[in-house]
Amino acid sequence: METRDQHIKHRQTGAASVEYALLLVMAALVLIAVMASVETSVGDFWSNAASVLMTPGGFGSSGSQGGGSGG
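Numbering that gives the first Met the number 0 puts the first residue of the sequence shown at 0, with every later residue one more than the last.
Following this line, the structure appears as structure tokens:
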């Protein structure tokens, strides 16, 4: 049979475990929210990059075509 001190110590350890579990759950929820936001941003970036690469002229279509003009 446990003494009262052992029982209190066991209850405190259980409470700490529950607190750590709640902390992990909150961290996971924050991580999921951040990853969802990043996923959207990264998806938009790659979609934009793919559309630029698929247009005739690629990256150079909006500016000068290189090959210096002055000398």
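Each residue gets a CB set at the ideal place from its N, CA and C atoms; glycine is no exception.
Distance check for residue j and residue i, CA to CA, integer angstroms please.
i: Ser16; j: Gly42; result: 38 angstroms
i: Ala32; j: Asn47; result: 23 angstroms
i: Gly70; j: Ser50; result: A caution first: Gly70 carries a pLDDT of 49, below 50, which makes its placement in the model unreliable, though a value can still be read off. Taking the straight line from one Cα to the other gives about 35 angstroms.
i: Arg3; j: Ala14; result: 17 angstroms
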